[in-house]
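Participant: Here you go, one structure.
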Amino acid sequence: MLFTIVIINHNYGRFLTKAIDSALAQSYSSLEVVVVDDGSTDMSRDIIASYGNRIVPILKEAGGHVSAANFGYAAAKGEFIIFLDSDDILYKDCIQTVAANWRNGDVKLQYRLDTINCDGVDQHMIFPFFAIDLSPETIRHQSYQFGIYPWTVSSGNAFSSAYLDALFPIDEAEIYRSPDGYLSKMAPLFGDVRSIQDVLGAYRVHGANAWAQDKAGFRIEPIIRWLNFDRVLQTKFESLAQMRGISVVAGGNLSSTQQIEYRLLAFRFAADQSPYKNDKAISLVIAGSQATFRFPNISFPGCIMWSIWFFVLGIGPKFLVRWIYAAARMQTGRSRVSRLLVEIARGPAARSSYQFSRR
């Protein structure tokens with residue numbers, strides 16, 4: 005089986021060498037590495053040139069992440085594809101482990117990642133927390149019922165080209181950012197999504213990530229971006245489901261604790277920018293508390309903790325909301341106490357955090 009690692013880069017020359025080296029160092033031999041540079045103006049292209057014929061270089065004008073993914077997939081020859089962000093890395097046995105766990109009918113296999121900072125220092129925060137019993141059937145149910153399931157960032161997924169052929173090229177006007185979110189969201193409509201506990205790479209948080217936030221400070225902009233794009237993805241998800249004759253719950257993400265959390269944050273800190281203009285704090289607090297008891301993989305103590313958090317989000321002082329969010333919800337800098345509380349809240353999902361291997 006031929007795997008292709010597509011590395012997408014834009015002005016991340018300071019991280020690019022680590023990403024390429026991690027792809028080339030894979031223990032799995034049937035592999036090609038495609039590096040797409042999306043109009044970088046730093047030293048990225050000199051770095052790419054230094055690898056010669058060890059990689060397949062794609063040098064293009066700046067067109068954005070989706071455009072770069074389209075170019076990369078068009079050049080890929082593999083039966084299985086990993087889109088590796090150029091600020092992340094894969095561990096040497098990543099593809100070997102993916103190949104060993106792949107099953108007929110799979111369209112995507114997802115694995116877990118370490119979190120590292122700008123300098124590559126481990127932040128002791130493995131993610132996502134896949135429940136022990138997170139089977140393809142469970143993912144399909146969660147996806148159809150809630151519009152969401154536990155998925156990870158771009159570098160934590162391997163996709164079958166048979167599945168990707170159905171979605172590529174991606175319409176850059178409709179899906180205007182984050183192709184990995186689009187591919188992960190739609191995957192259960194096309195086949196099995198398999199999750200493994202192995203930690204097969206590292207996600208770098210450096211303050212300029214599209215979604216993740218670090219301990220440097222709370223920013224509302226990524227949350228507004230998430231809410232806007234979430235609506236786009238849900239609309240596309242429902243449309244594709246209808247085309248494929250699959251019944252899904254319309255507006256399924258309204259049951260998602262993450263969406264309600266983000267809507268509360270948007271309401272408190274940037275109501276004029278929120279795509280949900282009619283939101284009210286008390287309505288969201290009630291909806292959030294109800295969602296915690298319906299949503300999978302939240303323990304009873306977790307339901308209580310989530311309900312308290314929604315209450316604080318809705319009516320607590322803004323300084324307190326910022327402090328709690330920075331202490332417990334940032335991608336880096338979490339204290340041991342906050343990590344323990346998050347694991348309790350996750351319930352069954354958290355147990356799997358102690359059952360993994362790095363490869």
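Position 333 (the sequence shown) corresponds to 337 in the working numbering; numbering is contiguous. The beta-carbon is built from N, C-alpha and C at its ideal position, and this holds for glycine as well.
Starting from the C-beta of Ala-72, find all residues in its chain whose C-beta is less than 6 Å away, skip the five residues before and the five after it, and write them out in chain order.
Facilitator: Your numbering for residue 72 matches position 68 in the sequence shown. Cβ neighbours of Ala-72 beyond the five flanking positions: Ile-12, Val-40, Asp-42.
Participant: Is the segment 149-164 close to the segment 101-119, with three or more CB pairs under 8 Å?
Facilitator: Yes, the segment 149-164 is in contact with the segment 101-119.
Participant: Would you tell me roughly how many angstroms separate the C-alpha atoms of Ile-227 and Ile-120, rounded to the nearest one?
Facilitator: Position 223 of the sequence shown, counted from the first residue, corresponds to residue 227. Position 116 of the sequence shown, counted from the first residue, corresponds to residue 120. Taking the straight line joining both Cα atoms gives about 21 Å.
Participant: Using DSSP with H/G/I as helix, E/B as strand and the rest coil, what is Gly-160?
Facilitator: Start at 1 with the first residue of the sequence shown, and residue 160 comes out as number 156. Of the three classes helix, strand and coil, the one that applies to Gly-160 here is helix, per DSSP.
Participant: Using a 10 Å radius around the Cβ and a threshold of 16 neighbouring Cβ atoms, would you call Pro-321 buried or exposed?
Facilitator: For the purposes of this step, residue 321 is taken as residue 317 along the sequence shown, with counting starting at 1. Pro-321 should be labelled exposed.
Participant: Give me the Cα-Cα distance between Phe-172 and Ile-52, rounded to the nearest whole angstrom.
Facilitator: For the purposes of this step, residue 172 is taken as the residue at position 168 of the sequence shown. For the purposes of this step, residue 52 is taken as the residue at position 48 of the sequence shown. Phe-172 and Ile-52: Cα-Cα distance of roughly 25 Å.
Participant: Counting C-beta neighbours from all protein chains within 10 Å, is the total for Trp-327 16 or more, i.e. buried, or is it exposed?
Facilitator: Along the sequence shown, one-based indexing puts residue 327 at 323. Answer is exposed; the Cβ neighbour count stays below 16.
Participant: Check this for me: beta carbons of Ser-188 and Phe-134, under 8 Å apart or not?
Facilitator: Position 184 of the sequence shown, counting from 1, holds the residue named residue 188. Position 130 of the sequence shown, counting from 1, holds the residue named residue 134. Not closer than 8 Å, so no.
Participant: Closer than 8 Å is the cut-off here; do at least three beta carbon pairs connect the segment 82-91 with the segment 23-34?
Facilitator: Yes, since at least three Cβ pairs between the segment 82-91 and the segment 23-34 fall closer than 8 Å, the two stretches touch.
Participant: Here's a check: name, in chain order, each residue in its chain whose Cβ is nearer than 6 Å to the Cβ of Ser-48, leaving out the five neighbours to either side.
Facilitator: Position 44 of the sequence shown, counted from the start, is the residue given in the question as residue 48. Excluding positions up to five away in sequence, the list reads Asn-13, Gly-17, Leu-20, Asp-41.
Participant: Pair every Cβ in the segment 307-324 with every Cβ in the segment 282-290, then say whether three or more of these pairs are closer than 8 Å.
Facilitator: The answer is yes - the segment 282-290 touches the segment 307-324, with three or more Cβ pairs under 8 Å.
Participant: Would you give the residue range spanned by the beta strand (DSSP E) that Arg-198 belongs to?
Facilitator: Position 194 of the sequence shown, counted from the start, is the residue given in the question as residue 198. 196-208 is the span of the beta strand (DSSP E), which, as asked, contains Arg-198.
Participant: Short of 7 Å in beta carbon distance, which residues of its chain neighbour Lys-284, apart from the five on each side in sequence? Order them along the chain.
Facilitator: Here residue 284 corresponds to residue number 280 of the sequence shown, with the count starting at 1. Once the five neighbours on either side are set aside, Lys-284 has no close Cβ partner at all.
Participant: Over the uninterrupted beta strand (DSSP E) stretch that includes Phe-84, give me the two end residues.
Facilitator: Against the sequence shown, residue 84 aligns to sequence position 80. Note, Phe-84: beta strand (DSSP E), 84-89.
Participant: Compute the Euclidean distance between the alpha carbons of Arg-58 and Ile-250, then round it to the nearest angstrom.
Facilitator: As a position in the sequence shown, residue 58 is number 54, starting the count at 1. As a position in the sequence shown, residue 250 is number 246, starting the count at 1. Answer to the nearest angstrom: the Cα atoms are 43 Å apart.
Participant: Leu-138 by DSSP, collapsed to three states: which one?
Facilitator: Position 134 of the sequence shown, counted from the first residue, corresponds to residue 138. Residue state, collapsed to three classes: coil.
Participant: Could you give the distance in angstroms between the alpha-carbon of Thr-101 and the alpha-carbon of Ala-80?
Facilitator: Within the sequence shown, the letter at position 97 stands for residue 101. Within the sequence shown, the letter at position 76 stands for residue 80. Each residue's Cα considered, the two are about 21 Å apart.
Participant: Shorter than 7 Å, the distance from the beta carbon of Val-102 to the closest heavy atom of the ligand GTP, or not?
Facilitator: Inclusion of the ligand GTP in the displayed structure is not the case, the ligand content being empty and no account of it being possible.
Participant: Quick one: Cα of Leu-344 to Cα of Tyr-329, how far?
Facilitator: Taking the sequence shown and counting its residues from 1, one reaches residue 344 at position 340. Taking the sequence shown and counting its residues from 1, one reaches residue 329 at position 325. So the alpha carbons of these two residues sit roughly 15 Å apart.
Participant: Does Gln-263 pass the burial test, meaning 16 or more other C-beta atoms within 10 Å, or should it be called exposed?
Facilitator: On the sequence shown, position 259 is the one that residue 263 refers to. Buried, by the Cβ-count rule.
Participant: Going by beta carbon distance, what residues of the same chain come within less than 7 Å of Leu-244, once the five residues before and after it are set aside?
Facilitator: As a position in the sequence shown, residue 244 is number 240, starting the count at 1. These residues qualify, in order along the chain: Met-190, Leu-193.
Participant: Buried or exposed for Gln-246, going by 16 or more other Cβ atoms inside 10 Å?
Facilitator: Here the question's residue 246 lines up with position 242 in the sequence shown. Exposed, since its Cβ has fewer than 16 Cβ neighbours within 10 Å.
Participant: Within 10 angstroms of its Cβ, does Gly-151 collect 16 or more other Cβ (buried), or is it exposed?
Facilitator: For the purposes of this step, residue 151 is taken as residue 147 along the sequence shown, with counting starting at 1. Label assigned to Gly-151: buried.
Participant: Out of Gly-67, Val-10, Asn-282, Gly-195, which one is the CA nearest neighbour of Ser-139?
Facilitator: In the sequence shown, counting from the first residue as 1, residue 139 sits at position 135. The candidate whose alpha carbon is nearest that of Ser-139 is Gly-195.
Participant: Go through the segment 41-103 residue by residue and report every complete run of the beta strand (DSSP E) that reaches 3 residues or more, in order.
Facilitator: 60-64, 84-89, all fully within the segment 41-103.
Participant: Distance check for Ile-286 and Met-5, CA to CA, integer angstroms please.
Facilitator: The count along the sequence shown starts at 1 and reaches residue 5 at position 1. The count along the sequence shown starts at 1 and reaches residue 286 at position 282. When rounded, the distance between both Cα atoms is 53 Å.
Participant: Would a C-beta distance cut-off of 8 Å place Val-252 and Tyr-153 closer than the cut-off?
Facilitator: Mapped onto the sequence shown, residue 252 falls at position 248. Mapped onto the sequence shown, residue 153 falls at position 149. For Val-252 and Tyr-153, no; Cβs fall outside 8 Å.
Participant: Using the three-state DSSP reduction, which class does Ser-356 fall into: helix, strand or coil?
Facilitator: Here residue 356 corresponds to residue number 352 of the sequence shown, with the count starting at 1. Residue placement at Ser-356 is flagged as unreliable, the pLDDT there being 47, under the threshold of 50; the coordinate-derived value follows with that caveat. Residue state, collapsed to three classes: helix.
Participant: If we ignore side chains and look at the alpha-carbon of each, how far apart do Glu-347 and Leu-269 end up?
Facilitator: Here residue 347 refers to the residue found at position 343 when the sequence shown is read from its first residue. Here residue 269 refers to the residue found at position 265 when the sequence shown is read from its first residue. Glu-347 and Leu-269: Cα-Cα distance of roughly 22 Å.
Participant: State the Cα-Cα distance for the pair Phe-75 and Gly-306, rounded to the nearest angstrom.
Facilitator: Residue 75 sits at position 71 when you count from the first residue of the sequence shown. Residue 306 sits at position 302 when you count from the first residue of the sequence shown. Spanning the two alpha carbons is a distance of roughly 43 Å.
Participant: Check the C-beta distance from Ile-99 over to Tyr-32 and give it rounded, since I have them as a contact under 8 Å.
Facilitator: Within the sequence shown, the letter at position 95 stands for residue 99. Within the sequence shown, the letter at position 28 stands for residue 32. About 4 Å separates the two Cβ atoms, so the contact holds.
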